[in-house]
Amino acid sequence: MNIGLAGLPMSGKTTVFNMATRATAQVRDYIAQSDEINNGQIKVPDERIDKLTAIYKPKSTVYATVEFTDIPGVAKAQDGSSGASFAGKTLANIRICDALGLVIRVFGGETVPHVHDRVDPAADIEELSLEFVCADLALVQNKIERVNKEMKAGKKPELLKELELMEKLKTTLEAEKFISSLTLTSEEEALTRGFRFLTQKPMLAIGNCSDDQLKNSEDPFVKKFLTAAAARKWTTLLIAAKTEMEIASLSPEEESAFLQEYGISESSRSRLLHEAYRVLNYISFFTVGEDEVRAWPIQRGFNAQKAAGRIHSDIERGFIRAEVIAYEPFMTHNGNKAACKSAGQMRLEGKEYLVADGDIIEFRFNV
Ligand SMILES: Nc1nc2c(ncn2[C@@H]2O[C@H](COP(=O)(O)OP(=O)(O)OP(=O)(O)O)[C@@H](O)[C@H]2O)c(=O)[nH]1
Ligand SMILES: [Mg+2]
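The opening position of the sequence shown corresponds to residue 433 in the working numbering, with each subsequent residue numbered one higher.
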């Protein structure tokens, strides 16, 4: 799962990236035209995995991971306009991500330049949204033209369906609404998949603010950010990225001591990861054993066979059944499978079983 950090230049994307991944990528203090992309993997903290590890003492423990991509806010420079509209390359980089963390500037502009020489989170959100809408609209219009051409060569019912869908998307986008605001049938959903529409992606709006703003819910910029993001129905997260980036350079022990001292229960990194997981509608199932305790991230709604495919395509192909124990009873029996089984807590599930968050699973398969 890949989360793209996108936003206007100088909104703090690289700072958020460093904070999230404990990396030390170069942040900037001037508006530049660079297309350097940063990538980083980060494990998703999960105390259930910690507890399972304590029981099994396995040779290795594997947490679920999330990949962050820091996409620079490269503007269209060629036409000399002062607008921050994205270059095609930036859009292409955003398009390949599974979800977007939109980094919106909420912090002040005294020392750090802003592309438009102002700090206005609501206007930035509108600018970004419009940018995404226009990019998707261009794809839709293109597709409509192509389908129309094909229809001339011979009407086909499936083309008609596609055309109807594209017209629906066009109307939505022309009203500056996101494709994600539409309720699509699973057939329509499948038809849109290949396009990787920007306005169809799960979005998390990250308001990058100062320490003071973080503590002050009455701050006008914070309010503006929250209102504008709510109007778009986005999940929001306020982060003081610069401070958090500095904290992220501490060792994990120093970090937790620091957080405790400041009365912060959860670091922003961990909040960011949890929110990302939620926005993406991801859950984890677990496999346990003396060799390995491991979390496997899957989208909610995966059936047992599809979930098996996360581990190996052979297990998916040769799927026979899944032995499933829910997390809670598993822990009540101290992680003892035999005890769970005799207590009637182990279920034998078939291919179509919908995997639940925290399921401990052992797959039986034959290839
Ligand atoms: N005061 C303050 N400054 C910040 C904050 N976050 C980032 N900055 C500063 O803003 C400048 C730009 O930060 P970056 O993280 O490089 O911004 P970016 O969005 O990656 O910029 P581009 O890659 O050029 O699009 C740097 O000088 C940061 O130190 C913040 O929360 N508060
Ligand atoms: Mg950057």
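Just so you know, even glycine gets a beta-carbon here, dropped at the ideal spot from N, CA and C.
Just so it is clear, the structure is predicted and the values come from calculations on it, not from any experiment.
Closest residue to residue i among the options (Cα-Cα distance)
i, options, result
"residue 476", "701, 744, 783 and 568", "701"
"residue 709", "698, 699, 729 and 722", "729"
"residue 542", "565, 442, 735 and 500", "442"
"residue 495", "562, 726 and 737", "726"
"residue 631", "759, 444, 755 and 530", "530"
"residue 761", "547, 776, 497 and 568", "776"
"residue 629", "571, 620 and 614", "571"
"residue 764", "439, 484 and 433", "484"
"residue 657", "460, 602 and 668", "668"
"residue 520", "568, 551 and 550", "568"
"residue 675", "459, 642 and 748", "642"
Terminal residues of the alpha helix (DSSP H) in which residue i lies
i, result
"residue 751", "Here residue 751 belongs to no alpha helix (DSSP H); instead the beta strand (DSSP E) covers 751-757."
"residue 774", "769-774"
"residue 522", "520-527"
"residue 576", "553-585"
"residue 484", "479-488"
Backbone secondary structure at residue i - three-state DSSP
i, result
"residue 512", "Residue confidence for residue 512 is low, a pLDDT of 44 falling below 50, so the modelled location carries little weight; the figure read from the coordinates is stated next. Correct three-state label for residue 512: coil."
"residue 800", "Here the chain has residues from 433 to 799 only, and residue 800 is not among them."
"residue 624", "helix"
"residue 794", "strand"
"residue 440", "coil"
"residue 598", "helix"
"residue 648", "coil"
"residue 786", "strand"
"residue 543", "coil"
"residue 456", "coil"
"residue 669", "strand"
"residue 616", "coil"
"residue 629", "coil"
heavy atom of ligand 3 below 6 Å from residue i C-beta
i, result
"residue 445", "Questions concerning ligand 3 fall outside what the structure shown contains, since the ligands it does hold are ligand 1 and ligand 2."
N-terminal and C-terminal residue of the beta strand (DSSP E) that residue i is part of
i, result
"residue 778", "Counting along the chain, residue 778 falls outside any beta strand (DSSP E), and DSSP gives it neither H nor E."
"residue 498", "497-502"
"residue 612", "No beta strand (DSSP E) contains residue 612, which DSSP labels as neither H nor E."
"residue 433", "From DSSP, residue 433 is part of no beta strand (DSSP E); its letter is neither H nor E."
"residue 473", "470-475"
For residue i: DSSP bridge partner residues
i, result
"residue 537", "640"
"residue 494", "726"
"residue 763", "Answer by DSSP bridge pairing: none, since residue 763 is not bridged."
"residue 851", "In the structure displayed, the chain extends from 433 to 799; residue 851 sits before or after that span and is not available."
Ignoring anything shorter than 4 residues, give me the alpha helix (DSSP H) runs that lie fully in the segment 675-759, in order along the chain.
684-693, 700-711, 736-743 and 745-749
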